[in-house]
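Notes follow once the structure below has been shown.
Protein chains: 2
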Amino acid sequence: MEENKQEIIDEKDEAQNEESEQTVVEETDELEQLRQEKEEINNRLLRLQADYDNFRRRTQKEKEADRKYRSQSLVEELIPALDNFERALQVEVDGDAAKNFADGMKMVYDQFKAALEKEGVEEIPAKGEEFDPHMHQAIMQVEDENYESNIVVEELQKGYRLKDRVIRPSMVKVNQ
Amino acid sequence: MEENKQEIIDEKDEAQNEESEQTVVEETDELEQLRQEKEEINNRLLRLQADYDNFRRRTQKEKEADRKYRSQSLVEELIPALDNFERALQVEVDGDAAKNFADGMKMVYDQFKAALEKEGVEEIPAKGEEFDPHMHQAIMQVEDENYESNIVVEELQKGYRLKDRVIRPSMVKVNQ
Numbered sequence: 001m002e003e004n005k006q007e008i009i010d011e012k013d014e015a016q017n018e019e020s021e022q023t024v025v026e027e028t029d030e031l032e033q034l035r036q037e038k039e040e041i042n043n044r045l046l047r048l049q050a051d052y053d054n055f056r057r058r059t060q061k062e063k064e065a066d067r068k069y070r071s072q073s074l075v076e077e078l079i080p081a082l083d084n085f086e087r088a089l090q091v092e093v094d095g096d097a098a099k100n101f102a103d104g105m106k107m108v109y110d111q112f113k114a115a116l117e118k119e120g121v122e123e124i125p126a127k128g129e130e131f132d133p134h135m136h137q138a139i140m141q142v143e144d145e146n147y148e149s150n151i152v153v154e155e156l157q158k159g160y161r162l163k164d165r166v167i168r169p170s171m172v173k174v175n176q
Numbered sequence: 001m002e003e004n005k006q007e008i009i010d011e012k013d014e015a016q017n018e019e020s021e022q023t024v025v026e027e028t029d030e031l032e033q034l035r036q037e038k039e040e041i042n043n044r045l046l047r048l049q050a051d052y053d054n055f056r057r058r059t060q061k062e063k064e065a066d067r068k069y070r071s072q073s074l075v076e077e078l079i080p081a082l083d084n085f086e087r088a089l090q091v092e093v094d095g096d097a098a099k100n101f102a103d104g105m106k107m108v109y110d111q112f113k114a115a116l117e118k119e120g121v122e123e124i125p126a127k128g129e130e131f132d133p134h135m136h137q138a139i140m141q142v143e144d145e146n147y148e149s150n151i152v153v154e155e156l157q158k159g160y161r162l163k164d165r166v167i168r169p170s171m172v173k174v175n176q
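If you read the protein sequences in the order shown, they are chains A and B.
For the record, in the first sequence the residue sitting at position 51 is 51 according to UniProt numbering, with numbers rising by one throughout.
For the record, in the second sequence the residue sitting at position 103 is 103 according to UniProt numbering, with numbers rising by one throughout.
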């Protein structure tokens, strides 16, 4: 009788265990799936955050560079006019009236130069400087005992830079 | 005997059910928590995505505006020099040499104007135009039968705009 009872209980147990295991296995599967999904979304979140941060940093840098060199295209347009202004001012004039006119024009020229300088435009130093291929374009080589080797002896056309960027290199004669 | 057996089985069942329920409840709690966490991360992901998109759009717009008006600060600096250039050119000169000099300067002036125009700088039309408070600054009011009411009869100082932005309004006399 005891044995019989135990048998019955065992049978019942087995059936119930199976059912219960079934449930637990299903729940565990779902848990596992959810954990994976959560992990995946979390990774996407982290990647997106990193992308966003990079984009912000890059944008900030671009903005600063854009701002720093914002005048470049207008400066490039103005430089040939400035060349002609200088050339025109070199003409000698006679008579008081013409001299006054020329003085007035020299003042206008200075005002233009001052406006450009305020925006960061500078003439590139040339004559007497050591030849620098980043800033000087050598048009001619000469042999001049008065200068040391590799020194700019004459500037043929002014060069300009905008802050640290060369807009137009100086055209120069260099001592061999 | 049958009853007795059933009782024993029921007892055993109850104990087992309790244990099984305990597990299921724990797993369900964890499932629920995971679902909530997943939902939360997902919401953060969506918000971040929306923020990022907004930031990108705003940055793009700012970039376009920066680009459009990039020359503004240099233009503002150059306008007073341009005023003086015009004033200086209005002086009458005598003699061929001085006239040649003045012609050369007029060409330089035209070149400056062309460089500025290429960057989008325009003179604001004034004389004969209807008075527009966005572009014209009325310095004087006059009564002139030759003009209709609210028409600019004289320009006292040129105004300039950079594309659609007024950099300096024209100073004008307006007919009452």
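For each residue, glycine too, the CB sits at the ideal point set by N, CA and C.
Residue i and residue j closer than 9 Å at C-beta
i, j, result
"B/Met-105", "B/Leu-82", "no"
"B/Tyr-160", "B/Val-75", "yes"
"B/Gln-72", "B/Arg-165", "yes"
"B/Val-91", "A/Asn-100", "yes"
"B/Glu-119", "A/Glu-77", "yes"
"A/Asp-51", "B/Tyr-69", "no"
"B/Met-171", "B/Gln-157", "yes"
"B/Gly-128", "A/Gly-95", "no"
"B/Lys-63", "A/Glu-145", "no"
"B/Phe-55", "A/Arg-67", "no"
Buried versus exposed call for residue i [16 or more other C-beta atoms within 10 Å across all chains shown]
i, result
"B/Met-1", "Note that B/Met-1 scores a pLDDT of 47, beneath 50, so its modelled location is shaky; the value from the coordinates is reported in the next line. Exposed, because fewer than 16 other Cβ atoms sit within 10 Å of the Cβ of B/Met-1."
"A/Glu-155", "buried"
"B/Arg-58", "exposed"
"B/Val-152", "buried"
"A/Met-135", "buried"
"A/Ala-102", "buried"
Same chain, Cβ closer than 7 Å to residue i, neighbours up to 5 away in sequence not counted
i, result
"A/Arg-168", "Ile-79, Gly-159 and Tyr-160"
"A/Asn-150", "Glu-130, Phe-131, Val-174 and Asn-175"
"residue 188 of chain A", "Nothing about residue 188 of chain A can be reported from this structure: the residues present for chain A run from 1 to 176 only."
"B/Arg-87", "none"
Paired residues, beta bridge with residue i - DSSP
i, result
"B/Arg-165", "B/Leu-162"
"A/Val-142", "A/Asn-175"
"B/Ile-151", "B/Glu-130"
"B/Glu-123", "B/Tyr-160"
"B/Gln-137", "B/Met-171"
Cβ shell of residue i (< 6 Å), same chain only, five flanking positions each side left out
i, result
"B/Glu-122", "Arg-161"
"A/Phe-112", "none"
"A/Arg-44", "none"
"A/Glu-26", "none"
"A/Gln-36", "none"
Rounded Cβ spacing between residue i and residue j (contact assumed at less than 8 Å)
i, j, result
"B/Ala-138", "B/Val-174", "5 Å"
"A/Ala-98", "B/Ala-126", "With a Cβ gap of about 32 Å, A/Ala-98 and B/Ala-126 do not count as contacting."
"A/Leu-34", "B/Leu-31", "7 Å"
"A/Lys-38", "B/Ile-41", "6 Å"
Chain-order list of residues whose beta-carbon lies under 8 Å from that of residue i (same chain, five-residue window excluded)
i, result
"B/Glu-143", "Asn-175 and Gln-176"
"B/Ile-124", "Met-135, His-136, Lys-158, Gly-159, Tyr-160, Arg-161, Val-166, Pro-169 and Ser-170"
"A/Thr-28", "none"
"residue 212 of chain B", "With chain B covering 1 to 176 only, the question about residue 212 of chain B has no answer from this structure."
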